[in-house]
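S.K.:
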Amino acid sequence: MPYSDFLNFLNHEKKYSVHTSVAYEKELQNFHAFMDREGVALAAVDYRFMRHYFAQQKESGKLAVSINRSISALRGYFKYLQREQLVKANPLSLIKALKVPKKLPTLIEKDKLVNLLDNFEELNLVSNEFEEKRDFIVLELLFGTGIRLAELIKIKDEDIDFYNKKILILGKGNKQRFVPLHKTLVHEIDLYQCLKKDQLLQNKASRFIVTKEGKDAYPKLIYRIVKKYLTLITSQNKKSPHVLRHTFATSLLDNGADLNAIKELLGHAGLSSTQVYTHNSAERLKSIYKQAHPKA
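Note that our numbering has the sequence shown beginning at 6, numbered continuously upward.
Right under this line is the structure:
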């Protein structure tokens with residue numbers, strides 16, 4: 006692959022996640038295939054050619070958010086090629102991202118979610134005591150800390166600080182942060198670890214969240230767990246782990262938490278990513294106003 010060195014750079018120097026690297030590789034495959042069809046060499050790619058490439062994407066029905074992802078990937082690719090002196094200039098330096106209409110994060114009603122967790126033991130959706138406790142911990146951690154799915158499955162037993170009631174999270178770009186745990190959750194984590202030790206004697210996993218066979222948890226398992234329980238309290242289509250992250254952030258904001266503090270808890274690099282939750286809170290306040298005020 007002509008771009009294999011760039012992918013190695015992303016993996017080993019930039020420490021990109023596997024998911025991001027796979028997405029970049031797909032973008033580069035599509036771009037090089039387009040160059041081959043057009044009969045254009047890499048060194049001859051210029052601003053007009055890139056405009057032509059993205060225009061073709063738009064005409065094919067590709068969404069603006071997907072085109073922007075392609076722009077970002079190829080801008081990084083040509084920046085790398087320029088650094089390695091394989092091209093003279095970056096043809097994407099003047100290419101701007103397309104405007105994307107802002108979508109409000111999908112949420113679960115907080116009261117319904119709290120009620121689900123408060124009455125979790127009465128559900129009896131699984132016969133295995135360990136699985137029930139694990140599922141509860143998964144939901145509590147996602148909603149109680151706002152961590153990402155990828156961060157959840159990376160947690161190790163030793164990352165949990167019982168004395169100080171906090172947990173070490175390995176976020177994007179291998180950045181570490183501590184997230185507080187409430188007293189009840191600390192107690193439930195302790196019970197979960199005892200069950201894991203007692204019931205999974207052959208446990209070979211290196212992670213905190215494991216399967217019923219004692220192996221490391223994987224993304225599809227977490228998705229299944231979240232969807233199974235959220236189906237009990239909502240009919241909305243989106244029932245992913247990220248919905249619980251959105252609900253966590255919006256709940257904090259609704260109750261007066263500082264936006265910078267929420268940013269740190271979520272592990273956002275910049276405040277702009279956190280500010281999207283202010284729109285959710287504003288929409289909620291408008292709804293309350295319309296329902297409650299006689300002049301609304």
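Idealized CB from N, CA, C, for every residue including glycine.
(1) Could you check the C-alpha separation between Gly302 and Tyr85 for me, to the nearest Å?
(2) Would you mind giving the Cβ-Cβ distance between Phe39 and Tyr21, rounded to the nearest angstrom? I have them listed as a contact below 8 Å.
(3) Rounded to a whole number of angstroms, what is the C-alpha to C-alpha distance between Leu121 and Ser77?
(4) Using CA coordinates, which residue listed in Arg250, Asn179, Thr236, Pro224 is at the minimum distance from Asn16?
(5) Express the C-alpha separation of Thr279 and Leu154 in angstroms, rounding to a whole number.
(6) What residues match up with Val215 in a beta bridge as DSSP calls it?
(7) Apart from the five residues just before and just after Gln181, which ones in its own chain have a Cβ nearer than 8 Å to its Cβ?
(8) Starting from the Cα of Asn73, find the closest Cα among Gln87, Leu112, Ala28 and give me that residue.
(9) Cα separation between Asn260 and Leu270?
(10) For Lys171, write down the residues that DSSP places opposite it in a beta bridge.
(11) Buried or exposed: where does Ser277 fall if 16 or more other Cβ atoms within 10 Å of its Cβ makes it buried?
(12) Which of the three DSSP states, helix, strand or coil, is assigned to Asp123?
(13) Below 8 Å on the Cβ atoms is my contact criterion, and I expect Phe135 with Lys201 to pass it. Report the Cβ-Cβ distance as a whole number of Å.
M.R.: If we stick to the structure as given:
(1) The shown model of the chain, from 6 to 301, leaves out residue 302, and the question about it has no answer.
(2) Contact doesn't hold; Cβ gap of about 23 Å is too wide.
(3) The straight-line gap from Cα to Cα measures roughly 40 Å.
(4) Answer by Cα proximity: Asn179.
(5) The straight-line gap from Cα to Cα measures roughly 18 Å.
(6) Note: Val215 sits in a beta bridge opposite Asp221.
(7) Cβ within range, chain order: Leu173, Ile174, Leu175.
(8) From the listed residues Gln87, Leu112, Ala28, the smallest Cα separation to Asn73 is found for Ala28.
(9) Rounded to the nearest angstrom, the two C-alpha atoms are 15 Å apart.
(10) Answer is Asp166, Pro185, bridged to Lys171.
(11) Counting other Cβ atoms within 10 Å of its Cβ, Ser277 stays below 16 and is therefore classed as exposed.
(12) When DSSP states are grouped into helix, strand and coil, Asp123 belongs to the helix group.
(13) Indeed, because the Cβ distance is near 7 Å, the residues count as touching under 8 Å.
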